[in-house]
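Protein chains in written order, with this note's numbering: chain A, 19 to 219; chain B, 26 to 242.
Quick reminder that beta carbons are idealized off the backbone N, C-alpha and C, glycines included.
As the structure is a prediction and not an experimental result, all values here were calculated from the model.
Please read the structure below before turning to the comments.
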Amino acid sequence: MSGASSVASEQAMQTNKELAQGYYGIGIPALRGRQEQINASLAGGEPAYLAAAFSGQRAALSEATARQGGAARSQQMEGAGAALSGGNQFANMNPADIGAQLANALYGSRFAEGQASIDQTMNLMGMALGGAGTAGNSGLSAAQNQLGAIRFMPGYDPTYANVVGGLAGGASLYGAMNKAGWFDPSKPPSSGSGSGVSGWG
Amino acid sequence: MSTQSPQAKAAGQNAAWQANLARDLGGVAIPELQMLLGNQRMGKEGMIQGMFSGMDASGRLPMDAANLKASTDQLNAGYGQAGFGLGQNIGYAGLRSGEGRRSPFAMNSALGSAASTLEQQRVAALNNLNFASAQASMSDYNKLLGLMGQGVQTSMGLAQGFAGASNAAIGGMSDQSQMGGALGGAAAGASMGMLAGPYGALAGAVIGGVAGGLGSG
Numbered sequence: 019m020s021g022a023s024s025v026a027s028e029q030a031m032q033t034n035k036e037l038a039q040g041y042y043g044i045g046i047p048a049l050r051g052r053q054e055q056i057n058a059s060l061a062g063g064e065p066a067y068l069a070a071a072f073s074g075q076r077a078a079l080s081e082a083t084a085r086q087g088g089a090a091r092s093q094q095m096e097g098a099g100a101a102l103s104g105g106n107q108f109a110n111m112n113p114a115d116i117g118a119q120l121a122n123a124l125y126g127s128r129f130a131e132g133q134a135s136i137d138q139t140m141n142l143m144g145m146a147l148g149g150a151g152t153a154g155n156s157g158l159s160a161a162q163n164q165l166g167a168i169r170f171m172p173g174y175d176p177t178y179a180n181v182v183g184g185l186a187g188g189a190s191l192y193g194a195m196n197k198a199g200w201f202d203p204s205k206p207p208s209s210g211s212g213s214g215v216s217g218w219g
Numbered sequence: 026m027s028t029q030s031p032q033a034k035a036a037g038q039n040a041a042w043q044a045n046l047a048r049d050l051g052g053v054a055i056p057e058l059q060m061l062l063g064n065q066r067m068g069k070e071g072m073i074q075g076m077f078s079g080m081d082a083s084g085r086l087p088m089d090a091a092n093l094k095a096s097t098d099q100l101n102a103g104y105g106q107a108g109f110g111l112g113q114n115i116g117y118a119g120l121r122s123g124e125g126r127r128s129p130f131a132m133n134s135a136l137g138s139a140a141s142t143l144e145q146q147r148v149a150a151l152n153n154l155n156f157a158s159a160q161a162s163m164s165d166y167n168k169l170l171g172l173m174g175q176g177v178q179t180s181m182g183l184a185q186g187f188a189g190a191s192n193a194a195i196g197g198m199s200d201q202s203q204m205g206g207a208l209g210g211a212a213a214g215a216s217m218g219m220l221a222g223p224y225g226a227l228a229g230a231v232i233g234g235v236a237g238g239l240g241s242g
């Protein structure tokens, strides 16, 4: 690889790494925040706004049914007033009928409220599992990238080989110089060429 | 002066960075899966398992049973109020009838007849509620099983993926044992140290052995 392409590759690596870090910096905290939000909602149960909405619905149903009874009574009173002068025992809507209608409406609302809360729990659990899958798969991709990076690393540490080589070279040099009498003050140092290596020690 | 090439240095940095990322992301995924599915090894029951183990004798999930109870209580309370209004209405109608003398038997008969009708309406409503609850309970049970299956699939897929990555990492490891490296290094060191005499050979063997052992670890 030429020097220019090596420098360009290093720049590309840095740029891509910074971009990846930027995206991870957005994605991972958001993912973690989403999971925390989901978990808090799961632990909290039915949201207060949903309970208030269904409570309001039941109040409205009660009022509407009461109005319906009142309207029926007034219509019957008007009709009966012309025909009867001594009172009209049918001039109202039976409260039992109103009560039965209201009871049906109210339990229907209560059941729908409970079911809405259960559905929401199911949805939240589905989203929680989806988020866990996203996080896990991203982690697996990171692990694969880690292995990919390791492939570019040398298989062994050359430091020790360099040290051993240096020491061995030094030892050889020492042996050759010793043989040539460099360390013997009684002998003048020879040039060493062609002296051979016989006579060890 | 560094003995590492720029490529080796960058590869080492990236490998460490990606390893931290994988660990961070595992810190998001694993607790979530544990919260929902549990962890048998840690004796921790998950939320979904808790729902299954809380099923009542009829096989209804706890949240469905709670909803049915709340709705049944509401229904009974509503019909109780309707029954109270019924008695009041019959008494009021009797007063307004203009009859000076009302037969208590007639009043009781009217009350009994009306109460019976109301009770029939209540039972019919209760049947409707039970039917709707049964349908909803079965649907919820199926949804919960589906969620558990999704979680299991995610967990197993990730487990297999990371196990594969762990295996793949073995490919990058040295195939030489530390003892083999030490012996090889010692032999090489000794042969080179021979040039410096017997002490040189000994020193070379020791240095070569240490270096070979460290290098192959």
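Helix, strand or coil: which one does DSSP assign to residue i?
i                 : result
Glu64 of chain A  : coil
Met155 of chain B : Checking the sequence shown, residue 155 of chain B turns out to be Asn, not Met. Note: Asn155 of chain B maps to helix in three-state DSSP.
Asn112 of chain A : coil
Ser216 of chain A : With a pLDDT of only 47 at Ser216 of chain A, under 50, the local geometry of the prediction cannot be trusted, and no value is derived from it.
Gly196 of chain B : coil
Asn106 of chain A : In this prediction, Asn106 of chain A has a pLDDT of 49, which is less than 50 and means its spatial position is unreliable; what the coordinates show is noted afterwards. Coil.
Gly63 of chain B  : strand
Could you check whether the Cβ of residue i sits closer than 8 angstroms to any heavy atom belonging to the ligand SAH?
i                 : result
Arg128 of chain A : No copy of the ligand SAH occurs in the structure displayed, which carries no ligand at all.
Taking the Cβ atom as the reference point for each residue, do residue i and residue j lie within a distance shorter than 9 angstroms?
i                 : j                 : result
Gly22 of chain B  : Leu136 of chain B : Examination of residue 22 of chain B is not possible in this model, given that chain B is present from 26 through 242 alone.
Asp165 of chain B : Leu86 of chain B  : yes
Asp49 of chain B  : Ile56 of chain A  : no
Pro113 of chain A : Ala107 of chain B : yes
Asn92 of chain B  : Ala161 of chain B : yes
Asn163 of chain A : Asn39 of chain B  : yes
Arg52 of chain A  : Gly149 of chain A : yes
Ser96 of chain B  : Arg128 of chain A : yes
Gln185 of chain B : Ala160 of chain A : no
Ala7 of chain A   : Leu68 of chain A  : Summary: the structure shown does not reach residue 7 of chain A, with chain A confined to residues 19 through 219, and so no result is reported for it.
Ala213 of chain B : Gly233 of chain B : yes
Ala121 of chain A : Ala102 of chain B : yes
Met145 of chain A : Ala33 of chain B  : no
Ala215 of chain B : Leu165 of chain A : no
Using a C-beta cutoff of 9 angstroms, does residue i count as contacting chain B?
i                 : result
Leu49 of chain A  : yes
Gly62 of chain A  : no
Ser190 of chain A : yes
Gly219 of chain A : For Gly219 of chain A, the pLDDT reaches just 42, beneath the cut-off of 50, and the residue's location in the model is therefore unreliable, although a value from the coordinates is still provided. Yes, its Cβ sits closer than 9 angstroms to a Cβ of chain B.
Arg85 of chain A  : no
Phe201 of chain A : no
Gly88 of chain A  : no
Leu185 of chain A : yes
Gln133 of chain A : yes
Consider the Cβ of residue i: report whether some Cβ of chain A lies at a distance smaller than 9 angstroms.
i                 : result
Gln65 of chain B  : no
Phe109 of chain B : yes
Ser96 of chain B  : yes
Met204 of chain B : no
Met80 of chain B  : no
Glu70 of chain B  : no
Arg85 of chain B  : no
Ala228 of chain B : yes
Gly75 of chain B  : no
Leu58 of chain B  : yes
So, under 8 angstroms CB-CB, residue i and residue j are touching, yes? Tell me the CB distance rounded to an integer number of Å.
i                 : j                : result
Gly71 of chain B  : Gln59 of chain B : 7 angstroms
Ala236 of chain B : Val25 of chain A : Not really, about 34 angstroms apart at Cβ, beyond 8 angstroms.
Looking at chain A, which residues of the region 187-199 of chain B have a Cβ within less than 8 angstroms of any of its Cβ atoms?
Phe187, Ala190, Ala193, Ala194, Gly197, Ser199
Give me the subset of the region 159-173 of chain A whose CB atoms are less than 9 angstroms from a CB atom of chain B, sorted by chain position.
Ser159, Ala160, Ala161, Gln162, Asn163, Gln164, Leu165, Gly166, Ala167, Ile168, Arg169, Phe170, Met171, Pro172, Gly173
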